[in-house]
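**Q** Numbering (the numbering used here), first residue to last: 27 to 492. For glycine and all other residues, C-beta sits at the position ideal for the given N, C-alpha and C.
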């Protein structure tokens, strides 16, 4: 009579169970798989029973107990995988959508409790709402009522659901005095018993209330606010839309977007893009790392950036743009424009007032300037084009690089041109240069001397086209 080897039955039963589990997981969802994985020690029980039964039978038949090495090897592999999946079940969620990775905050907690909370505040004579939070997504909206409505969505990972409810009930504190304050309690720091994994606060405020919002981690958004807003965030995006009053906005890490603002706007950011458009009054923007995009501003615009492009289109007032490492692009500026760059290109067109520009390293392109022009370039080519007759003074100084100018054929003025280590060439204007070994120069009046066109190039040619 052939004797079976210990381990083959355990392996067979285990494979059958794995097959059934996979079939059920496909038919229903992977939630069942996650539950069955927790029963992996059953394999050890089956293996132990098989050893006991085999030992009893071998004693009766006076045979020796033999183990199936291959089956034992596969069982060890299955046990290892099951153990890993069991540990991983604290990191992975098996659900209807498949397998999702939990946040690391989930690992040590038994429960995930969700709460909603509504609060109504009568502002009485208060004119200001101050909101302060360590970790929350905060949204402000205009209310049609005369009260402040606070709706909170709270998720807490925990080991005690009763304690979690107490935390949810008291995590948001409201206090009233001369101003109204809404604070998230800083005492509720994450620990081994609970973790506040999500806090969304939606606040509806009357039109007369001015708001100040401070947040450490999370997004801030506001829409249809009637009396201005001041926002300060450390880690998260800021989005402000349709604000009737002035806006002051500051961020450290995250993008800032403002749109349809009827008051003045001041924006500061350290790491993130800035986008501002449809501003009724003056705009001031300062950034360290990230692009600045400005569009449709009725007032003056002042921008300063360290590492990132500046783009300004359609400004009704004066514009000043300063950058260290990034392209500066201006278009359709109704008044004066002043640009300073250190290490990148400058590209401007359609300036209705005066234009002044300085650049250390980078090309400069200027098209259609109606006012005076003053360009100072360190190292890079300069291109100036005006489709119409230039009626204001033009001054260009370049340290190294070509200068190309395009005028109307009827252009008149006092031309004072000087090129060192380069040539002066004019296609249609009668501007024949005087030449020496190193320098070519022109000093000539065409028609009228009311307009002075002075160009000095220390290392490069001067070309005039029309």
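State buried or exposed for residue 434, treating a residue as buried only when at least 16 other CB atoms are found within 10 Å of its CB.
**A** exposed
**Q** With DSSP as the reference, label residue 484 as helix, strand or coil.
**A** coil
**Q** According to DSSP, simplified to helix, strand and coil, what is residue 415?
**A** DSSP places residue 415 in coil when its eight states are reduced to three.
**Q** Counting C-beta neighbours from all protein chains within 10 Å, is the total for residue 453 16 or more, i.e. buried, or is it exposed?
**A** exposed
**Q** Give the straight-line distance between the Cα atoms of residue 279 and residue 194, rounded to the nearest whole angstrom.
**A** Distance between the alpha carbons of residue 279 and residue 194 is about 28 Å.
**Q** Look at the alpha carbon of residue 160 and the alpha carbon of residue 303, and state the distance between them as a whole number of angstroms.
**A** The straight-line gap from Cα to Cα measures roughly 29 Å.
**Q** Assess contact between the region 389–408 and the region 466–475, defined as three or more Cβ pairs (one per stretch) separated by less than 8 Å. Is contact present?
**A** By the Cβ rule, the region 389–408 does not count as touching the region 466–475, because fewer than three pairs are nearer than 8 Å.
**Q** Does the region 385–395 come into contact with the region 434–452, if we say contact requires no fewer than three beta-carbon pairs (one atom in each stretch) closer than 8 Å?
**A** no
**Q** DSSP puts residue 248 in a beta bridge; with which residues?
**A** 166 and 266
**Q** For a test of the three-state rule: what should DSSP assign to residue 477, helix, strand or coil?
**A** coil
**Q** For the alpha helix (DSSP H) that residue 193 lies in, which residues bound it at each end?
**A** 187–196
**Q** Are the Cβ atoms of residue 255 and residue 273 separated by less than 7 Å?
**A** yes
**Q** Quick one, are the C-beta atoms of residue 229 and residue 210 less than 7 Å apart?
**A** Judged by beta-carbon spacing, residue 210 lies beyond the 7 Å limit of residue 229, meaning their Cβ atoms are not closer than that value.
**Q** Using only the alpha-carbon positions, how far apart do residue 402 and residue 330 sit?
**A** 19 Å
**Q** Would you report the Cα separation of residue 196 and residue 296, rounded to the nearest angstrom?
**A** 34 Å
**Q** Who are residue 446's beta bridge partners in DSSP?
**A** 465
**Q** In terms of DSSP beta bridges, what is residue 367 paired with?
**A** 385
**Q** Closest to residue 21 by C-alpha separation, out of 418, 176 and 286, would be which residue?
**A** Because the chain here runs from 27 to 492, residue 21 falls outside it and cannot be looked at.
**Q** For residue 480, which residues from the same chain have a beta carbon less than 6 Å from its beta carbon, with the 5 sequence-adjacent residues on both sides left out?
**A** 421 and 442
**Q** So residue 279 is in the beta strand (DSSP E); what residue range does that whole segment cover?
**A** It spans 273–279 - the beta strand (DSSP E) in which residue 279 sits, taken as one unbroken run.
**Q** Work out the CA separation of residue 138 and residue 56 for me, nearest whole Å.
**A** Only weak support is given to the placement of residue 56: the predicted model assigns it a pLDDT of 49, under 50, and the value that follows is read from those uncertain coordinates. Here the C-alpha atom of residue 56 lies approximately 19 Å from the C-alpha atom of residue 138.
**Q** Return the residue from the list 143, 224, 252 and 136 that minimises the CA-CA distance to residue 172.
**A** 252
**Q** Does the Cβ of residue 491 have 16 or more other Cβ atoms within 10 Å, making it buried, or fewer, making it exposed?
**A** exposed
**Q** If we ignore side chains and look at the alpha-carbon of each, how far apart do residue 130 and residue 220 end up?
**A** Confidence in residue 130 is poor, its pLDDT being 47 and thus under 50, which makes the residue's placement too unreliable to answer from.
**Q** Residue ranges of each beta strand (DSSP E) run of no fewer than 3 residues wholly in the region 288–371, ordered along the chain?
**A** 291–297, 300–305, 309–315, 318–323, 327–333, 336–341, 345–348, 354–359 and 363–367
**Q** When we look at the beta-carbon of residue 456 and count the other beta-carbons within 10 Å, is it buried (16 or more) or exposed?
**A** exposed
**Q** Which value, in whole angstroms, describes the spacing of the CA atoms of residue 416 and residue 355?
**A** 22 Å
**Q** Whole angstroms are fine: how far does the CA of residue 459 sit from the CA of residue 486?
**A** 15 Å
**Q** Ordered along the chain, which non-local residues of its own chain (more than five positions away) have a Cβ less than 6 Å from that of residue 248?
**A** 166, 255 and 266
**Q** Taking the beta carbon of residue 103 as the centre, do at least 16 other beta carbons fall within 10 Å, making it buried, or is it exposed?
**A** exposed
**Q** May I have the straight-line CA-CA distance separating residue 88 from residue 46, to the nearest angstrom?
**A** Note that residue 88 scores a pLDDT of 47, beneath 50, so its modelled location is shaky; the value from the coordinates is reported in the next line. Residue 88 and residue 46: Cα-Cα distance of roughly 37 Å.
**Q** Can you tell me which residues form a DSSP beta bridge with residue 426?
**A** 405
**Q** Any idea which residues DSSP pairs residue 410 with across the strands?
**A** 392 and 431
**Q** Specify the secondary structure class of residue 157 as computed by DSSP and reduced to three states.
**A** strand
**Q** Leaving aside the five residues before and after residue 473 along the sequence, list all residues of the same chain whose C-beta is less than 6 Å from its C-beta, in chain order.
**A** 438
**Q** Would you report the Cα separation of residue 182 and residue 385, rounded to the nearest angstrom?
**A** 54 Å
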